Amino acid sequence: MVRVGVLALQGAFREHLLMLGSLGVDTLKVTRSEHLTGLDALILPGGESTAMVRIAAGTDLFATLREHMAGGLPVFGTCAGLILLADRLSDDSLGGYDRLGGLDVTVARNAYGRQRESFTAPLTVRGLDEPVEGTFIRAPQILELGPDTEVLSRHDDVPVLVRQGSVWGASFHPELGTDGRIHAEFLHHLGAAV
Numbered sequence: 393m394v395r396v397g398v399l400a401l402q403g404a405f406r407e408h409l410l411m412l413g414s415l416g417v418d419t420l421k422v423t424r425s426e427h428l429t430g431l432d433a434l435i436l437p438g439g440e441s442t443a444m445v446r447i448a449a450g451t452d453l454f455a456t457l458r459e460h461m462a463g464g465l466p467v468f469g470t471c472a473g474l475i476l477l478a479d480r481l482s483d484d485s486l487g488g489y490d491r492l493g494g495l496d497v498t499v500a501r502n503a504y505g506r507q508r509e510s511f512t513a514p515l516t517v518r519g520l521d522e523p524v525e526g527t528f529i530r531a532p533q534i535l536e537l538g539p540d541t542e543v544l545s546r547h548d549d550v551p552v553l554v555r556q557g558s559v560w561g562a563s564f565h566p567e568l569g570t571d572g573r574i575h576a577e578f579l580h581h582l583g584a585a586v
């Protein structure tokens, strides 16, 4: 059985755990570097990116995770998780705290507005027959893509779901609601049968 960890420092980790569980996946809350051993993939949830980097500061969690990513561990970052994975931010709004990197994109934090400006939108996703509902909550915007970064979905012609090898990033929250197709598609690319 596939085992997927969800970074559980802060944010929507419970929702990801529930979504993965509904797909029959063995899950683990990841709060320490030793939790990364034996995982087939990791999800970085949405939430507050500044809180996540501050909680991880002073631990070896991100350094160890980078080693696992370099060894091929598939990772999917949603909303704040995308910010953690982005190689570049449009500003230094995380105050110089350590991030992960690994996804060749430039991201602007909170580019879709404040909490009250949150919205849902139908998204056409490459590989899926029907649109999925994307939930955008203070979402980051992908401003630039590296040459090896593929766009899997756009909203108003702006990339909102991308992939570079085994590293995926989404501006929106695919874990909110009951549609598990984005998670299933990520798992499918691991070679997992869900």
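Residue numbers (this note's numbering): 393 to 586. C-beta atoms are modelled at their ideal positions from N, C-alpha and C, and glycine is treated no differently. From a predicted model like this one, the values you see are computed outputs, not experimental measurements.
Closest to residue i by C-alpha separation, out of the options, would be which residue?
| i | options | result |
| --- | --- | --- |
| G488 | G494, R480 and L420 | R480 |
| A462 | G494, A448, D490 and I529 | G494 |
| L535 | E525, P523, D549 and D571 | D549 |
| E525 | R518, Q533 and A513 | A513 |
| S545 | R406, L520 and H460 | L520 |
| H547 | R573, D540, R518 and T570 | R518 |
| L436 | G450, E509 and S563 | S563 |
| T419 | F405, L434, V396 and E407 | V396 |
Helix, strand or coil for residue i, going by three-state DSSP, please let me know.
| i | result |
| --- | --- |
| A462 | helix |
| S563 | coil |
| I534 | strand |
| E509 | helix |
| V445 | helix |
| T470 | strand |
| V586 | Confidence at V586 is low in this model, with a pLDDT of 47, below 50, so the placement of that residue is unreliable and no value is reported for it. |
| A455 | helix |
Straight-line CA distance for residue i to residue j?
| i | j | result |
| --- | --- | --- |
| I529 | L465 | 27 Å |
| G561 | C471 | 8 Å |
| D483 | L537 | 16 Å |
| A585 | L579 | Residue confidence for A585 is low, a pLDDT of 47 falling below 50, so the modelled location carries little weight and cannot support an answer. |
| M393 | L415 | 11 Å |
| L457 | Q402 | 17 Å |
| L492 | V398 | 15 Å |
| E426 | A576 | 26 Å |
| G451 | R573 | Going by the sequence as given, residue 451 is Thr instead of Gly. If I take the Cα positions, the gap works out to 34 Å. |
Would you mind giving the Cβ-Cβ distance between residue i and residue j, rounded to the nearest angstrom? I have them listed as a contact below 8 Å.
| i | j | result |
| --- | --- | --- |
| L568 | T527 | 5 Å |
| P532 | R501 | 5 Å |
| V422 | A400 | 6 Å |
| E542 | V554 | 6 Å |
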